[in-house]
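Chains as they are written, first to last, in this note's numbering: chain A, 104 to 254; chain B, 104 to 254; chain C, 56 to 131; chain D, 56 to 131.
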């Protein structure tokens, strides 16, 4: 699988570039998810945040998500880029683009990808609040051991 | 509502520009739908196509869809651009961007928008096949009269 | 006077994008009936907009109204 | 020799990104138990990768393996 479809990078993410990777003659629908840094989480103000990754493994896990998508939606083509390092409010942390011949599949496969990222991709977020900082985890109450294939 | 959030234009559509319109501090999720010209529809090859619009009314209907989205998802911000004129295979016909604080709403509101476009926005597609051309309609078996608010 | 805009296959069938008629009070439905006969066209699945808003067939047309015959749409 | 990579809060708690140990045959589970005692850390909700693939706690570590302690992830 082409490395440029799945990447973990310190560089800014470009929505157009990543979406264009999956546009093709056979596809009529592309759904792109852009995850940005939100200022408030449950009333608490984020000043900035940092993403760390186990870079080489994280790329492999993104590729794995691409493979899982193709098992479920054989006509889909996906590209997933995740940024690491220090991010400000509204900066783009992740871009997921999925193209399919018909639109229902593009929405479903895209949503599948972001759920899986939050389960299996070794990337961690450290929130910088006004009154301290904290490594975020267990968003999905992940438990110890090999991650489940299905939610 | 700002006209630049809802547009019907002969110009090429830029995914990045339209998506950036809805990125904001309060939102953590943006879903962008990009509709492109697909080469094959049920085995039949499209050479190119043309979109005509009742331009002024079409813009109003896109704004209406934005209002409907805000009735259903009060935290959403949406931008919808549709292209008209002559398009080639893989050209972008429509871009819908919706941002929300949480991602489930962004997917749902975005999918709502494309369904509504196919119901109420006065834009028509003429397919150029290898063996002729045809105005496409009744994709959703729309019936005569005032369009239904709900699917 | 009233104006009737035609789109897509209707524009091709009628042979004109814009029709103009001198004003006479009538419903949208009555106008559609007349157009069907005059142009030998089928308007069964056509929606109508009056001044850029979808209108019921029972709507009474006002002088100066701009109507549009809206075939089933196919944008997106 | 085996290498153990530490991330996020574990890296801060352990005070190092990379640990190296001389090789002795054992399971992932046994290694975790040792690390918990040595560094006074809680590894209950930690996943483990061996050579960049998630591994079961019963996996037997091979000489030269690169392990990673993976706290609950929070990308996206």
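Even glycine gets a Cβ: it sits at the ideal position worked out from N, Cα and C. Quick caveat, the model's predicted, so the values are computed rather than measured.
Could you tell me the distance, in whole angstroms, from the CA atom of residue i to the CA atom of residue j?
| i | j | result |
| --- | --- | --- |
| residue 128 of chain C | residue 129 of chain B | 35 Å |
| residue 209 of chain A | residue 109 of chain B | 23 Å |
| residue 118 of chain B | residue 202 of chain A | 14 Å |
| residue 73 of chain C | residue 169 of chain A | 51 Å |
| residue 94 of chain C | residue 229 of chain B | 22 Å |
| residue 122 of chain D | residue 106 of chain D | 6 Å |
| residue 96 of chain D | residue 237 of chain A | 17 Å |
| residue 240 of chain A | residue 190 of chain A | 18 Å |
| residue 247 of chain A | residue 100 of chain D | A caution first: residue 247 of chain A carries a pLDDT of 40, below 50, which makes its placement in the model unreliable, though a value can still be read off. Straight-line Cα distance between these residues: approximately 4 Å. |
| residue 145 of chain B | residue 66 of chain C | 27 Å |
| residue 70 of chain D | residue 143 of chain B | 58 Å |
| residue 220 of chain A | residue 160 of chain A | 12 Å |
| residue 116 of chain A | residue 91 of chain D | 38 Å |
| residue 102 of chain D | residue 114 of chain B | 50 Å |
| residue 218 of chain B | residue 150 of chain A | 38 Å |
| residue 68 of chain C | residue 104 of chain C | 19 Å |
| residue 56 of chain C | residue 85 of chain C | 16 Å |
| residue 107 of chain B | residue 181 of chain B | 11 Å |
| residue 113 of chain D | residue 123 of chain B | 48 Å |
| residue 214 of chain B | residue 89 of chain D | 51 Å |
| residue 167 of chain B | residue 98 of chain D | 53 Å |
| residue 83 of chain B | residue 171 of chain A | Past the edges of chain B, shown from 104 to 254, lies residue 83 of chain B, and the structure says nothing about it. |
Kindly indicate which residue of the options has the alpha-carbon position closest to the one of residue i.
| i | options | result |
| --- | --- | --- |
| residue 111 of chain D | D:123, D:131, D:83 | D:83 |
| residue 18 of chain D | D:61, D:119, D:130 | Absent from the model: residue 18 of chain D. The displayed extent of chain D is 56 to 131, so no value can be given. |
| residue 81 of chain C | C:98, C:116, C:96 | C:116 |
| residue 58 of chain C | C:78, C:68, C:96, C:67 | C:78 |
| residue 212 of chain B | B:236, B:176, B:239, B:233 | B:176 |
| residue 75 of chain D | D:119, D:131, D:126, D:130 | D:119 |
| residue 173 of chain A | A:147, A:116, A:150, A:216 | A:216 |
| residue 125 of chain C | C:113, C:69, C:109, C:114 | C:109 |
| residue 130 of chain D | A:116, A:181, A:154 | A:154 |
| residue 165 of chain A | A:144, A:145, A:148, A:200 | A:200 |
| residue 226 of chain B | B:181, B:235, B:171, B:163 | B:163 |
| residue 234 of chain B | B:127, B:147, B:121, B:181 | B:147 |
| residue 207 of chain A | A:134, A:123, A:121 | A:134 |
| residue 178 of chain A | A:123, A:127, A:107 | A:127 |
Could you tell me how far apart the beta carbons of residue i and residue j are, in whole angstroms, since I believe they sit closer than 8 Å?
| i | j | result |
| --- | --- | --- |
| residue 111 of chain B | residue 158 of chain B | 5 Å |
| residue 152 of chain A | residue 231 of chain A | 6 Å |
| residue 205 of chain B | residue 132 of chain B | 6 Å |
| residue 121 of chain B | residue 224 of chain B | That pair is no contact at about 16 Å. |
What does residue i touch in chain F if you count any residue whose Cβ is under 8 Å from its own?
| i | result |
| --- | --- |
| residue 232 of chain B | Among the protein chains in the structure shown, which are A, B, C and D, there is no chain F. |
- Message: Within 8 Å, do at least three Cβ pairs link the region 184 to 195 of chain A to the region 134 to 146 of chain A?
- Response: yes
- Spell out a yes or no on whether the region 178 to 188 of chain B and the region 57 to 74 of chain C are touching, meaning 3 or more CB-CB pairs, one atom from each, closer than 8 Å. no
- Item | Near-chain C residues of the region 153 to 167 of chain B - C-beta to any C-beta below 8 Å | The residues in question are 154, 155, 156, 157, 159, 160, 161, 163.
- Message: If the cut-off is 7 Å on Cβ atoms, which residues from the region 111 to 129 of chain D count as contacting chain A, listed in chain order?
- Response: Listed in sequence order: 111, 112, 123, 125, 126, 127, 128, 129.
- Task: Could you list the residues in the region 201 to 226 of chain A with a C-beta less than 8 Å from some C-beta on chain D, going in chain order?
- Result: 217, 220, 221, 222, 223, 224, 225, 226
- Any residues in the region 135 to 149 of chain A with a beta carbon nearer than 7 Å to a beta carbon of chain D? Which ones, in chain order? 138
- Check each residue of the region 104 to 131 of chain A: if its Cβ is closer than 9 Å to any Cβ of chain B, include it; give the result in chain order. Those would be 117, 118, 119, 120, 122, 123, 126, 127, 128, 129, 130, 131, in chain order.
- Task: Please list the residues of the region 180 to 195 of chain A that have a C-beta atom closer than 9 Å to any C-beta atom in chain B, keeping them in chain order.
- Result: 192, 193, 195
- chain B contacts made by the region 68 to 82 of chain C, where a contact means CB separation under 7 Å: Residues: none.
- What residues in the region 97 to 109 of chain D bring their beta carbon closer than 7 Å to a beta carbon of chain A? 99, 100, 101, 102, 104, 107, 109
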